[in-house]
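Residue numbers (my numbering): 5 to 273. Virtual Cβ for every residue (Gly too), placed ideally from N, Cα, C.
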């Protein structure tokens with residue numbers, strides 16, 4: 005009887021010890037699982053944050069697509085003349101150390117949209133719309149952008165030059181209010197052109213990012229490649245009312261045209 009009681013005590017103590025060890029082990033496993041989950045969640049958050057920051061190359065590409073979309077849309081207006089003609093969109097990375105406005109740059113990202121326009125008043129107005137297209141596309145960027153050390157001012161210079169040219173010839177004066185203040189008059193003309201530019205970017209806003217990605221991959225896109233990509237995106241989204249037909253790009257005499265290049269300079273130190 006005494007031996008049996010001792011055996012029961014030993015079994016009881018062994019059971020208690022086993023359960024205690026099992027409890028401790030389970031807690032450690034749970035703690036380890038929690039730690040792994042916490043690390044995984046942190047990595048996912050970091051990855052999401054990295055994906056939510058637009059690179060300078062993507063920013064520049066979006067900017068150039070703003071110019072290109074405006075030029076393309078205006079070229080579709082049936083006026084009997086080629087008032088504006090989109091040619092190429094380009095993105096270049098210059099790794100040579102250079103200096104811009106006193107800032108030393110180790111990497112300069114250069115974007116450009118080549119287009120030609122008629123020398124008539126509407127040709128100049130359309131070129132103003134195109135120059136406004138890049139800055140307007142920038143306004144549609146909702147995510148934070150990688151820090152810019154330097155940004156060129158080519159667009160603003162083109163905008164001001166075209167506005168002054170229009171004022172000197174008294175073009176479109178019936179569509180905007182003229183004042184004795186030259187700066188007010190310039191702003192009125194800018195607002196007049198800005199409205200049409202905003203409408204065009206509104207129309208194609210959903211395609212800005214995928215078009216920019218295509219330019220990032222190709223680095224240079226011809227008009228034909230641009231139209232093909234845009235058509236593909238439009239068909240994918242089933243926007244039948246705005247489907248753009250592939251067009252034959254005819255050669256034409258550029259002697260009656262002004263060739264302009266719209267450029268954006270962004271860089272990474």
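How close, in whole Å, do the beta carbons of residue i and residue j come, if the pair is a contact with beta carbons under 8 Å?
i           : j           : result
residue 73  : residue 205 : 7 Å
residue 159 : residue 135 : 6 Å
residue 128 : residue 169 : 6 Å
residue 167 : residue 194 : 6 Å
residue 65  : residue 220 : 5 Å
By the three-class DSSP mapping on this structure, what secondary structure does residue i have?
i           : result
residue 132 : helix
residue 72  : helix
residue 183 : coil
residue 62  : helix
residue 209 : helix
residue 146 : coil
residue 126 : helix
residue 98  : strand
residue 91  : strand
residue 57  : coil
residue 196 : helix
residue 241 : coil
residue 119 : strand
residue 204 : helix
residue 113 : strand
residue 81  : coil
residue 43  : With a pLDDT of only 40 at residue 43, under 50, the local geometry of the prediction cannot be trusted, and no value is derived from it.
In its own chain, which residues sit with a C-beta less than 6 Å from the C-beta of residue i, not counting the 5 before and 5 after it?
i           : result
residue 213 : none
residue 96  : 114
residue 218 : 233
residue 165 : none
residue 1   : Lying outside 5 to 273, the shown extent of the chain, residue 1 is not represented and no answer is given.
residue 207 : none
Counting only the same chain and skipping the five closest in sequence on each side, list residues whose C-beta sits under 7 Å from that of residue i.
i           : result
residue 182 : 189
residue 209 : 144
residue 211 : 234, 237
residue 267 : Residue confidence is low: residue 267 scores 48 on pLDDT, short of 50, so the model does not pin down where it sits. No coordinate-derived value is stated.
Considering only C-alpha positions, which residue in the set the options is nearest to residue i?
i           : options            : result
residue 76  : 123, 119, 97       : 119
residue 280 : 64, 130, 194       : Past the edges of the chain, shown from 5 to 273, lies residue 280, and the structure says nothing about it.
residue 70  : 133, 195, 193      : 133
residue 59  : 216, 199, 175      : 216
residue 82  : 126, 160, 140, 146 : 126
residue 141 : 221, 57, 67        : 67
residue 94  : 62, 85, 200        : 62
residue 191 : 146, 220, 207, 163 : 163
residue 138 : 240, 201, 207, 222 : 201
Which residues in the same chain as residue i place their Cβ atom closer than 8 Å to its Cβ, once the five residues preceding and following it in sequence are excluded?
i           : result
residue 197 : 129, 132, 133, 136
residue 186 : 171
residue 79  : 86, 87, 88, 89, 90
residue 176 : 125, 129, 170, 193, 196
residue 223 : 94, 95, 96
residue 199 : none
residue 150 : 57, 58, 59, 60, 63, 272
Cβ contact check for the segment 220 to 228 and the segment 79 to 92: 3 or more pairs under 8 Å: yes
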